[in-house]
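Residue numbers (this note's numbering): 409 to 513.
What follows is the structure in C-alpha coordinates.
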(Lines of atoms letter the chains of each structure in order from A and count residues from 1; the text may use other names and numbers.)
(Lines give C-alpha, C1' and ligand atoms only; values in the text may rest on other atoms or scores of the structure.)
Protein backbone atom coordinates (compact mmCIF):
# COMPACT_ATOMS: atom_id res chain seq x y z
CA UNK A 1 0.00 0.00 0.00
CA UNK A 2 1.33 3.46 -0.87
CA UNK A 3 1.83 6.26 1.58
CA UNK A 4 0.36 9.67 1.02
CA UNK A 5 2.86 12.32 -0.06
CA UNK A 6 4.52 14.40 2.61
CA UNK A 7 3.67 17.61 0.83
CA UNK A 8 1.00 18.79 -1.62
CA UNK A 9 2.06 21.87 -3.59
CA UNK A 10 -0.52 23.70 -5.70
CA UNK A 11 0.55 26.28 -8.29
CA UNK A 12 -1.43 28.69 -10.45
CA UNK A 13 1.09 29.81 -13.08
CA UNK A 14 3.67 28.27 -15.38
CA UNK A 15 6.40 30.36 -13.76
CA UNK A 16 5.47 29.10 -10.29
CA UNK A 17 5.40 25.48 -11.52
CA UNK A 18 8.85 25.83 -13.09
CA UNK A 19 10.25 27.40 -9.93
CA UNK A 20 8.96 24.48 -7.84
CA UNK A 21 10.35 21.97 -10.33
CA UNK A 22 13.75 23.69 -10.23
CA UNK A 23 13.73 23.78 -6.43
CA UNK A 24 12.53 20.23 -5.77
CA UNK A 25 13.23 18.34 -9.02
CA UNK A 26 13.16 14.59 -8.52
CA UNK A 27 11.19 14.80 -5.27
CA UNK A 28 8.13 16.00 -7.20
CA UNK A 29 5.48 13.99 -8.98
CA UNK A 30 3.28 16.15 -11.22
CA UNK A 31 -0.45 15.86 -10.61
CA UNK A 32 -3.26 17.19 -12.80
CA UNK A 33 -6.47 15.18 -12.42
CA UNK A 34 -4.91 12.55 -10.24
CA UNK A 35 -6.98 9.47 -10.98
CA UNK A 36 -4.25 7.57 -12.83
CA UNK A 37 -1.48 8.67 -10.49
CA UNK A 38 -3.33 7.59 -7.36
CA UNK A 39 -4.03 4.17 -8.87
CA UNK A 40 -0.36 3.80 -9.86
CA UNK A 41 0.79 4.73 -6.37
CA UNK A 42 -1.63 2.24 -4.81
CA UNK A 43 -0.53 -0.58 -7.10
CA UNK A 44 3.20 0.05 -6.96
CA UNK A 45 3.59 0.96 -3.31
CA UNK A 46 5.82 3.80 -4.52
CA UNK A 47 6.40 6.62 -2.07
CA UNK A 48 6.15 10.19 -3.32
CA UNK A 49 7.63 13.00 -1.26
CA UNK A 50 5.83 15.88 -2.95
CA UNK A 51 2.94 16.27 -5.36
CA UNK A 52 2.92 19.31 -7.64
CA UNK A 53 -0.70 20.09 -8.52
CA UNK A 54 -0.82 21.89 -11.90
CA UNK A 55 -4.55 21.73 -12.68
CA UNK A 56 -5.04 25.45 -11.94
CA UNK A 57 -2.41 26.66 -14.43
CA UNK A 58 -4.54 28.25 -17.19
CA UNK A 59 -1.85 28.37 -19.89
CA UNK A 60 -1.57 24.59 -19.88
CA UNK A 61 -5.07 24.23 -21.38
CA UNK A 62 -4.27 26.17 -24.56
CA UNK A 63 -4.00 24.98 -28.14
CA UNK A 64 -2.04 27.38 -30.33
CA UNK A 65 -1.15 27.24 -34.02
CA UNK A 66 0.93 30.28 -34.92
CA UNK A 67 3.86 29.05 -36.96
CA UNK A 68 4.27 26.17 -34.53
CA UNK A 69 1.58 23.97 -33.07
CA UNK A 70 1.42 23.74 -29.30
CA UNK A 71 -0.99 21.61 -27.26
CA UNK A 72 -0.93 22.32 -23.53
CA UNK A 73 -0.37 19.49 -21.07
CA UNK A 74 -3.85 19.91 -19.59
CA UNK A 75 -5.75 19.88 -22.89
CA UNK A 76 -8.38 17.20 -22.98
CA UNK A 77 -8.92 14.78 -25.82
CA UNK A 78 -12.29 16.48 -26.37
CA UNK A 79 -10.56 19.87 -26.83
CA UNK A 80 -8.28 18.33 -29.46
CA UNK A 81 -11.24 16.77 -31.29
CA UNK A 82 -13.21 20.02 -31.31
CA UNK A 83 -10.36 22.47 -31.95
CA UNK A 84 -10.72 24.35 -35.23
CA UNK A 85 -7.03 25.29 -34.85
CA UNK A 86 -6.15 21.65 -35.43
CA UNK A 87 -8.19 21.21 -38.61
CA UNK A 88 -5.01 20.32 -40.55
CA UNK A 89 -4.25 17.51 -38.09
CA UNK A 90 -7.05 15.13 -39.00
CA UNK A 91 -5.26 11.98 -37.78
CA UNK A 92 -4.55 13.53 -34.40
CA UNK A 93 -8.18 14.56 -33.99
CA UNK A 94 -9.39 11.11 -35.04
CA UNK A 95 -7.02 9.43 -32.58
CA UNK A 96 -8.12 11.74 -29.75
CA UNK A 97 -11.74 10.83 -30.47
CA UNK A 98 -10.92 7.15 -29.90
CA UNK A 99 -9.44 7.60 -26.41
CA UNK A 100 -11.90 6.82 -23.62
CA UNK A 101 -15.57 7.64 -23.66
CA UNK A 102 -17.00 11.13 -24.04
CA UNK A 103 -17.34 11.41 -20.26
CA UNK A 104 -13.57 11.18 -19.76
CA UNK A 105 -12.36 12.98 -22.87
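Even glycine gets a Cβ: it sits at the ideal position worked out from N, Cα and C. Values in this document were obtained by computation on a predicted structure and should not be read as measured data.
Subject >> Length of the line joining the Cα atoms of residue 484 and residue 447 >> reply: Looking at the two C-alpha atoms, the distance is approximately 20 Å.
Original post:
Would residue 425 be called buried (16 or more neighbouring beta carbons within 10 Å of its own) or exposed?
Top reply: Buried, since its Cβ has 16 or more Cβ neighbours within 10 Å.
Subject >> Rounded Cβ spacing between residue 462 and residue 438 (contact assumed at less than 8 Å) >> reply: Taking C-beta atoms under 8 Å as the contact rule, residue 462 and residue 438 qualify, at a distance of about 6 Å.
Original post:
Among 415, 422, 417 and 418, which has the Cα closest to the Cα of residue 466?
Top reply: Ranking 415, 422, 417 and 418 by Cα distance to residue 466 puts 422 first.
Original post:
Smallest Cα separation from residue 440: which of 418, 474 and 486?
Top reply: Answer by Cα proximity: 418.
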